[in-house]
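**Student:**
Right, dumping it as structure tokens:
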């Protein structure tokens, strides 16, 4: 029986996929659940297993082709049990064959000794010509009537039977402006299409505030060793950022909603699902922490560490890349101060965190008044959909995040 192989839906918002590589060829035998091909979407790159054991009868979608989910990619003919197969007669015994002698190689036609001829009159010129070309005159048959070997006979014997053809001249490569030209992979094509569609859909605006994270950095550094021993992961600034953002989302839930203008509705989700973009060799991916609002600092640290590790090693499941209601984009590792971002549809906002910098800042001192001190400063950039979020909403949200970070963050002990 023929079993179809179809393009699966790799995520709730994924409607198409690109075949990047076939791991089997037409006519190959496959086992059930054996990796059959690799596909790529704007969410994930993954292997598709064979739905049945049998023979890959035909491939209907070639590599680098993009098709909708549900499209048939190939056909597998299921294996027939051995008992149901007709007996195959044994192959006939091989027939002995008498080998034919192979004529010796003539080389380049030099010193040919095909048949000896009786000597006849040869001019001195022909003898000299034969000596120069290494031709045995006794082996030559005159090409004309009579027994005289002539100049043409010597030259014909000296000429290779198949003169070597000169090697083809390689075409001169055309100069390419700007250097080499490389193809765009399916993952990058999908990402580019998704980004462009988001810019066409949402009215992107960005608001930036600066946060004093000196106390949070101190708390993080002071608790790093004990936290690692207790939780088994490194304590970084990232879970503090996530906790501050989640706290601000509870106070400003509109930033976790989505807008449906066609139905004239604002839809609030049933939970806060936080996307955390990760830079990988194949491009950025954004795994999702489900119900992130229920986690404490330690839970967020473990979830972030796990997702980052599996994202970089390509071990994320497709369902872990969809369903986010808000995105936290931490770009501190790249050293950028802040950047505008592209909103992942159908979300309405993404919070970007830049690198922490140490610089002199005017601060209030309880005894000395305003003084200049070196502080750890961080830029927070909120890119939001102006169709739903106003500038004042964005500023209030950012202020709430900055104030939470300025306080030093939550306790880092058990339950913190």
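Residue numbers (the UniProt record's numbering): 1 to 416. Ideal Cβ placement from N, Cα and C applies to all residues, glycine included. As the structure is a computational prediction, the values presented were derived from the model and not from experiment.
Going by other Cβ atoms of all chains shown within 10 Å of its Cβ, with 16 needed for buried, is residue 264 buried or exposed?
**Tutor:** exposed
**Student:** If you follow the alpha helix (DSSP H) that residue 217 is in, where does it begin and where does it stop?
**Tutor:** 214-231
**Student:** Mark residue 72 as exposed unless 16 or more other C-beta atoms lie within 10 angstroms of its C-beta, in which case mark it buried.
**Tutor:** exposed
**Student:** Report the option in 356, 397 and 346 whose CA atom is closest to the CA atom of residue 199.
**Tutor:** 346
**Student:** Can you give the Cα-Cα distance for residue 69 and residue 33, rounded to whole angstroms?
**Tutor:** 19 Å
**Student:** Exposed or buried, which one is residue 239 when buried takes at least 16 other CB atoms within 10 Å?
**Tutor:** buried
**Student:** How many Å lie between residue 313 and residue 306 at the Cα?
**Tutor:** 11 Å
**Student:** Helix, strand or coil for residue 76? Go by DSSP, reduced to three states.
**Tutor:** strand
**Student:** Starting from residue 202, trace the alpha helix (DSSP H) both ways and give me its first and last residue.
**Tutor:** First-last for residue 202: undefined, no H or E at that position.
**Student:** Classify residue 385 as buried or exposed, calling it buried when 16 or more other Cβ atoms lie within 10 Å of its own Cβ.
**Tutor:** buried
**Student:** Could you check which residue in 311, 367, 316 and 299 has the C-alpha nearest to that of residue 242?
**Tutor:** 299
**Student:** At the level of alpha carbons, what is the spacing between residue 107 and residue 132?
**Tutor:** Note that residue 107 has pLDDT 41, beneath the 50 cutoff, so the model's placement of it is unreliable and the number below is only indicative. Taking the straight line from one Cα to the other gives about 17 Å.
**Student:** Give the secondary structure of residue 140 by DSSP, where H, G and I count as helix, E and B as strand, and everything else as coil.
**Tutor:** Residue state, collapsed to three classes: coil.
**Student:** Are there 16 or more other CB atoms within 10 angstroms of the CB of residue 365, so buried, or fewer, so exposed?
**Tutor:** Looking at its Cβ environment, which holds fewer than 16 other Cβ atoms inside 10 Å, residue 365 is exposed.
**Student:** To test your reading of the DSSP string, which unbroken beta strand (DSSP E) runs of 3 or more residues are found completely within the segment 288-341?
**Tutor:** 326-330
**Student:** Start and end of the alpha helix (DSSP H) containing residue 393?
**Tutor:** Start and end: 391-406.
**Student:** Hey, out of 228, 338 and 2, whose CA is closest to residue 76's CA?
**Tutor:** Nearest of 228, 338 and 2 to residue 76, Cα basis: 2.
**Student:** Between residue 379 and the rest of its own chain, which residues show a CB-CB distance below 8 Å, the 5 nearest in sequence each way excluded?
**Tutor:** The answer, listed in chain order, is 208, 209, 210, 211, 337, 338, 353 and 354.
**Student:** Any idea what DSSP makes of residue 275, helix, strand or coil?
**Tutor:** strand
**Student:** Residue 373: which of 367, 381, 382 and 360 sits nearest, CA to CA?
**Tutor:** 360
**Student:** Got a sec, what are the start and stop residues for the alpha helix (DSSP H) residue 8 sits in?
**Tutor:** It is not in any alpha helix (DSSP H) - residue 8 carries neither H nor E in the DSSP assignment.
**Student:** Roughly how many angstroms lie between the CA atoms of residue 152 and residue 182, to the nearest whole one?
**Tutor:** Taking the straight line from one Cα to the other gives about 57 Å.
**Student:** Which term fits residue 74, buried or exposed, when burial requires 16 or more other beta carbons within 10 angstroms of its beta carbon?
**Tutor:** buried
**Student:** Answer with buried or exposed for residue 184, where buried requires no fewer than 16 other C-beta atoms within 10 angstroms of its C-beta.
**Tutor:** exposed
**Student:** State the Cα-Cα distance for the pair residue 229 and residue 237, rounded to the nearest angstrom.
**Tutor:** 17 Å
**Student:** Would you mind giving the Cβ-Cβ distance between residue 17 and residue 40, rounded to the nearest angstrom? I have them listed as a contact below 8 Å.
**Tutor:** 7 Å
**Student:** Kindly list the residues whose CB is nearer than 8 Å to the CB of residue 245, restricted to its own chain and excluding five residues on each side of it in sequence; keep chain order.
**Tutor:** So the qualifying residues of the chain are 274, 326, 328, 351 and 401.
**Student:** Would you call residue 430 buried or exposed, if buried means 16 or more other Cβ atoms sit within 10 Å of its Cβ?
**Tutor:** Within the shown structure, residues of the chain are numbered from 1 to 416, placing residue 430 beyond reach of any answer.
**Student:** Short of 7 Å in beta carbon distance, which residues of its chain neighbour residue 126, apart from the five on each side in sequence? Order them along the chain.
**Tutor:** 149, 150, 151 and 154
**Student:** Looking at the strands, I want to know which residues DSSP matches up with residue 2.
**Tutor:** 77
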